[in-house]
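Engineer: Position one of the sequence shown corresponds to residue 48 (our numbering), numbered consecutively onward.
Note that CB positions come from ideal geometry on N, CA and C, so glycine has one too.
Every value quoted in this text rests on a predicted model; they were computed, and no experiment measured them.
Right, I'll just put the structure down here and ask away after.
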Amino acid sequence: MKHFLFVLLLFPAVCFSQVNIRGRVVDAADGKPIPDASVFLNNATIGTKSGDDGRFALNRLSAGQYDLIVRVIGYETYRQTIMVNGDVNLPDIKLLQKTMVMNEVVIAGKDRKRARKIRMFKEQFLGRSAFARQCTILNPEELILVFGKHEDVLTVHTNNFLEIDNDALGYKLKYLVNNFVLDRLTLNVSYEGDVLFEEKQGTAEQKGKWEKNRRRTYFGSPTHFLRQVLADKADANYMVRSFCIKKIDNGKVLYDTLAPVKYVHKTDRRGVFALSYPSGIDIFYYGPGVAHSLHYANGTEKGNRGQVAGIQFIDEYLYFDTRGTILNPTGALFNYQWGKSRVAELLPSDYWPVD
48 MKHFLFVLLL FPAVCFSQVN IRGRVVDAAD GKPIPDASVF LNNATIGTKS GDDGRFALNR
108 LSAGQYDLIV RVIGYETYRQ TIMVNGDVNL PDIKLLQKTM VMNEVVIAGK DRKRARKIRM
168 FKEQFLGRSA FARQCTILNP EELILVFGKH EDVLTVHTNN FLEIDNDALG YKLKYLVNNF
228 VLDRLTLNVS YEGDVLFEEK QGTAEQKGKW EKNRRRTYFG SPTHFLRQVL ADKADANYMV
288 RSFCIKKIDN GKVLYDTLAP VKYVHKTDRR GVFALSYPSG IDIFYYGPGV AHSLHYANGT
348 EKGNRGQVAG IQFIDEYLYF DTRGTILNPT GALFNYQWGK SRVAELLPSD YWPVD
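This is how it looks when you write it as structure tokens:
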């Protein structure tokens, strides 16, 4: 993804106008409509099913970039990135019938080691936080576990939705795990997939608990930081500094404190912005809400909340949209709180705290 960049001198007002996406799902071979296909926006609460005529509508969307996912049993999963600035009428989405692969080496359901391997997956996928302990995988039989020759690398994927009940945040997640890799020697882990959030039903007391936990997760998160930057409010809640040492004064290490104009740029693409700084940046959060279970660095001067992220840029730019959604998440390495968060702390991209 390459865009011409401009220094962001004046921050735009975030657009909250609501728009719609409409389309039709058909079989690529014969053009016949496909009913009951799951159509959703990745990492959001917005989803629907196609009707008998294959048509669908996703309504009341905020402007921004979305990954549209179409999933139905027996067909290849369809993915399309859409920049939404107004109503979108898509051409027919043509699904290809899936070719069955019979030569996968998997850990069979009766393997007595399977339960231990699933626990390893859950620790790295859901995390080890207090919120992770409130998450339940409802259909672990969907997990396909593949091991390296010496069982030093665990690879996991699913062919169907992995259903996760998150009773800490009040969501049911439908997660297509496209690729999960755990190196058991280095404990390096990476994963990517497509997820639809569904609101859980609960009592007023439960809903109050869920919203409290959502707020604690949201404040100090990447989404909150980027939204604050675009609203020209980052300086009220965050301190951003350069990785590089400015100077040492009487034994005290001094760093450059950065204004947003130093690390945020806008691009030539409407609604897309870029984050960058040559040496990388450290981000400290001092606003409301404290993360529930993750640890901060010590020694900050403004209070006991401290560092939430250290960002090392892999790509030249980390792109994000008006909703604070990062568009190329593999373009940077995150440390501290942002690097420790897992699926248990995942909020939908359309979440906004309730006042």
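Is the beta carbon of Tyr238 less than 8 angstroms from the beta carbon of Phe194?
Structural biologist: Contact flag unset, no.
Engineer: Let me confirm a value: Val401 is counted as buried when at least 16 other C-beta atoms fall within 10 Å, else exposed. Which label applies?
Structural biologist: Label assigned to Val401: exposed.
Engineer: How is the alpha helix (DSSP H) around Glu170 delimited, first residue to last?
Structural biologist: Where Glu170 is concerned, the enclosing alpha helix (DSSP H) stretches over 161–172.
Engineer: Specify the secondary structure class of Tyr324 as computed by DSSP and reduced to three states.
Structural biologist: DSSP places Tyr324 in coil when its eight states are reduced to three.
Engineer: From which residue to which residue does the beta strand (DSSP E) around His197 run?
Structural biologist: His197 -> no beta strand (DSSP E), and no H or E assigned at all.
Engineer: Out of Thr146, Gly133, Ala391, Val135, point me to the one whose CA is closest to Ile120's CA.
Structural biologist: Checked all of Thr146, Gly133, Ala391, Val135; the closest Cα to Ile120 is Thr146.
Engineer: With a threshold of 16 other CB atoms inside 10 Å of the CB of Thr372, please say whether the residue is buried or exposed.
Structural biologist: When all chains shown are included, Thr372 counts as buried.
Engineer: Report the rounded CA-to-CA distance for Gly255 versus Lys247, giving the unit in angstroms.
Structural biologist: So the two alpha carbons sit approximately 12 angstroms from each other.
Engineer: Work out the CA separation of Leu394 and Lys313 for me, nearest whole Å.
Structural biologist: Spanning the two alpha carbons is a distance of roughly 25 angstroms.
Engineer: Give the C-beta separation of Ala84 and Val135 to the nearest angstrom, bearing in mind that I take them to be a contact with Cβ-Cβ under 8 angstroms.
Structural biologist: Incorrect: roughly 18 angstroms between the Cβ atoms, too far for contact.
Engineer: Which residues mark the beginning and the end of the alpha helix (DSSP H) in which Gln248 is found?
Structural biologist: From DSSP, Gln248 is part of no alpha helix (DSSP H); its letter is neither H nor E.
Engineer: By the three-class DSSP mapping on this structure, what secondary structure does Pro308 have?
Structural biologist: Looking at the sequence shown, residue 308 is not Pro but Val. In the structure shown, Val308 sits in a helix (DSSP, three-state: H, G or I).
Engineer: Are there 16 or more other CB atoms within 10 angstroms of the CB of Lys299, so buried, or fewer, so exposed?
Structural biologist: That one is exposed.
Engineer: To the nearest whole angstrom, what separates the beta carbons of Trp257 and Gly217, a pair I think is in contact under 8 angstroms?
Structural biologist: Yes, Trp257 and Gly217 are in contact; Cβ-Cβ is about 3 angstroms, under 8 angstroms.
Engineer: Should the stretch 98–109 be regarded as contacting the stretch 260–267, the criterion being three or more beta carbon pairs within less than 8 angstroms?
Structural biologist: No, the stretch 98–109 is not in contact with the stretch 260–267.
Engineer: Under three-state DSSP, which class holds Glu348?
Structural biologist: Residue confidence for Glu348 is low, a pLDDT of 37 falling below 50, so the modelled location carries little weight; the figure read from the coordinates is stated next. Coil at Glu348, not helix or strand.
Engineer: In the DSSP assignment, find the beta strand (DSSP E) that holds Lys280 and state where it starts and stops.
Structural biologist: That residue, Lys280, is in no beta strand (DSSP E); it is neither H nor E in DSSP.
Engineer: Taking all protein chains shown into account, do 16 or more other C-beta atoms lie within 10 angstroms of the C-beta of Asp368, making it buried, or fewer, making it exposed?
Structural biologist: Its Cβ being crowded by 16 or more others within 10 Å, Asp368 is buried.
Engineer: Where do the N-terminal and C-terminal ends of the beta strand (DSSP E) with Lys387 fall, by residue?
Structural biologist: Element bounds for Lys387: not the beta strand (DSSP E) but the alpha helix (DSSP H), 383–387.
Engineer: Can you have a look at Gly133 and say buried or exposed, based on whether 16 or more other CB atoms are within 10 angstroms of its CB?
Structural biologist: Counting Cβ neighbours within 10 Å, Gly133 comes out exposed, since fewer than 16 surround it.
Engineer: Starting from the C-beta of Ala179, find all residues in its chain whose C-beta is less than 7 angstroms away, skip the five residues before and the five after it, and write them out in chain order.
Structural biologist: Closer than 7 angstroms at the Cβ level, and outside the excluded window around Ala179, lie Leu173, Arg389, Ala391.
Engineer: Pick from Arg231, Arg161, Asp279: whose alpha carbon is nearest that of Pro307?
Structural biologist: The shortest Cα separation from Pro307 among Arg231, Arg161, Asp279 belongs to Asp279.
Engineer: Quick one: which unbroken alpha helix (DSSP H) runs of 4-plus residues sit fully inside the stretch 68–151? Chain order, please.
Structural biologist: As far as the stretch 68–151 is concerned, it has no whole alpha helix (DSSP H) run of at least 4 residues.
Engineer: How close, in whole Å, do the beta carbons of Ser323 and Leu277 come, if the pair is a contact with beta carbons under 8 angstroms?
Structural biologist: Rounded, the Cβ-Cβ distance is 16 angstroms, inconsistent with contact.
Engineer: Among Ala251, Tyr332, Pro325, which residue has its Cα nearest to the Cα of Ala283?
Structural biologist: Nearest C-alpha to Ala283: Tyr332.
Engineer: Pick out whichever of Ser396, Gln359, Pro269 has its Cα sitting closest to the Cα of Leu380.
Structural biologist: If we check each option's Cα against that of Leu380, Gln359 comes out closest.
Engineer: State the Cα-Cα distance for the pair Thr92 and Ile68, rounded to the nearest angstrom.
Structural biologist: Straight-line Cα distance between these residues: approximately 15 angstroms.
Engineer: Could you have a look at Leu201 and say whether DSSP puts it in helix, strand or coil?
Structural biologist: Leu201: strand per DSSP, three-state reduction.
Engineer: Please classify His271 as buried or exposed, where buried requires at least 16 other C-beta atoms within 10 Å of its C-beta.
Structural biologist: His271 is buried by the Cβ-count criterion.
Engineer: For Cys182, count neighbouring C-beta atoms within 10 Å of its own C-beta (all shown protein chains included) and say buried if the count is 16 or more, exposed if not.
Structural biologist: Buried, because 16 or more other Cβ atoms sit within 10 Å of the Cβ of Cys182.
Engineer: Only counting the same chain, and skipping five residues up and downstream in sequence, which positions put a Cβ closer than 6 angstroms to that of Ala215?
Structural biologist: Closer than 6 angstroms at Cβ, skipping near neighbours: Phe178, Gln181, Asn260.
Engineer: How far does the beta strand (DSSP E) with Asn226 in it reach, from first residue to last?
Structural biologist: Segment 218–230, the beta strand (DSSP E) holding Asn226.
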